[in-house]
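I have placed the structure first, in the form of structure tokens, so that the comments after it can refer back to it.
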Ligand SMILES: Cc1cc2nc3c(=O)[nH]c(=O)nc-3n(C[C@H](O)[C@H](O)[C@H](O)COP(=O)(O)O)c2cc1C
């Protein structure tokens, strides 16, 4: 069984990947999406989203814990997607993931993300072009939702993904219109899995071990992807794979402190305050202490104040 750490734009950056893969026993990370429009992006863009590529020749595009990191691209133009994919693989990414699930309005206006689920032929052309542009042994994966407004094309889209030569498919078991509203329709993943022969990774609403067991049972998938759950329970991958205990708050606090050190001494990122508050909001889902800490720091605007509270 594999547990994949989900891509989460604006949340799950390389620092969080680093910390979560140290405690979570995750098998693979996918980066936040990198938008491709009408150019081949410079190296620095790929390095910004995926600093793990910088020493990829030494560490093989992995987190410090040794977990492989795969770059995710989002776009609609098959040629530019292919050229960028080839470049990312040259830079050392452990495969390419293609985003066909993003619900964002700006993204969809440019015809990237989930809007492509209305057009299985476009999906097919993008994946086929990407597959042809990268070495034969490069894993090309796609991430889809069940559809845009409805689920009528769910199977056709999955079949297009397979026919184009993708090596694996992640299914976030909701339509674009369903957003992030529970439930995730895991039984639809089972329908998709029956219709294709490549490995399918089930995603959506896996918050704990019970959800993971149920999702595997209903979807028939061995492999799972977890997003918000991994921010709520940092060692969720380990909990799912080894039935380990959920890590105690004292260990979570150590991770939060390490994140703070990274952010405030590393590159003085201005995002730190928002990120840490956002993370605490997820942690509140399991840890009462996170709720209390959030209450204490929510008005703080500087990293120094937040650090002092830790
Ligand atoms: C804040 C946020 C950002 C996300 N960014 C991405 C992204 O960049 N690429 C992507 O494929 N999915 C993205 N997703 C979707 C997640 O990867 C995942 O499919 C979704 O959250 C459902 O899984 P979960 O219930 O385990 O969180 C994002 C989700 C959230 C909440």
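In the numbering used here, the protein residues as written are 5 to 314. No residue lacks a Cβ here, since even glycine has one placed at the ideal position from N, Cα and C.
Of the choices the options, whose alpha-carbon is the least far from that of residue i?
i           : options               : result
residue 44  : 25, 26, 82 and 35     : 82
residue 154 : 171, 247, 167 and 180 : 180
residue 20  : 308, 242 and 276      : 276
residue 54  : 287, 75 and 29        : 75
residue 108 : 13, 304 and 297       : 13
residue 178 : 169, 170 and 147      : 147
residue 285 : 309, 243 and 233      : 233
residue 130 : 95, 79, 176 and 303   : 79
residue 197 : 216, 222 and 182      : 222
residue 15  : 98, 312 and 278       : 278
residue 31  : 240, 226 and 7        : 7
residue 194 : 182, 281 and 219      : 219
residue 116 : 42, 293 and 306       : 42
residue 235 : 283, 169 and 92       : 283
residue 72  : 18, 201 and 298       : 18
residue 105 : 48, 10 and 28         : 10
residue 88  : 50, 67, 183 and 308   : 50
residue 314 : 256, 290, 29 and 58   : 256
residue 301 : 57, 84, 281 and 39    : 281
Taking the beta strand (DSSP E) that residue i belongs to, which residues open and close that run?
i           : result
residue 102 : 100–104
residue 75  : 73–78
residue 38  : 32–39
residue 88  : Not the beta strand (DSSP E): residue 88 falls in the alpha helix (DSSP H), residues 82–95.
residue 9   : 7–9
So, is the C-beta of residue i closer than 8 Å to a C-beta in chain C?
i          : result
residue 69 : Considering every chain present, this structure includes no chain C. It has just one protein chain.
Where does the unbroken alpha helix (DSSP H) through residue i begin, and where does it stop?
i           : result
residue 25  : 18–28
residue 303 : That residue, residue 303, is in no alpha helix (DSSP H); it is neither H nor E in DSSP.
residue 205 : Where residue 205 is concerned, there is no enclosing alpha helix (DSSP H), although the beta strand (DSSP E) it sits in stretches over 204–207.
residue 314 : That residue, residue 314, is in no alpha helix (DSSP H); it is neither H nor E in DSSP.
residue 59  : Unbroken run through residue 59: none, as it is neither H nor E.
residue 119 : Here residue 119 belongs to no alpha helix (DSSP H), and DSSP marks it neither H nor E.
residue 222 : 213–223
residue 51  : 47–53
For residue i, list the residues DSSP reports as bridge partners.
i           : result
residue 151 : 179
residue 66  : 72
Whole runs of the beta strand (DSSP E) within the segment 226–283, excluding any shorter than 3 residues: 227–230
Inter-stretch contact (C-beta, 8 Å, three-pair minimum) for the segment 149–169 and the segment 120–130: yes
Segment contact flag, the segment 183–195 with the segment 205–217, C-beta cutoff 8 Å, min 3 pairs: yes
Inside the segment 158–197 only - alpha helix (DSSP H) runs reaching at least 4 residues: 158–167
Segment contact flag, the segment 93–104 with the segment 133–149, C-beta cutoff 8 Å, min 3 pairs: yes
Runs of alpha helix (DSSP H) wholly within the segment 122–146 (minimum 4 residues, chain order): 124–137
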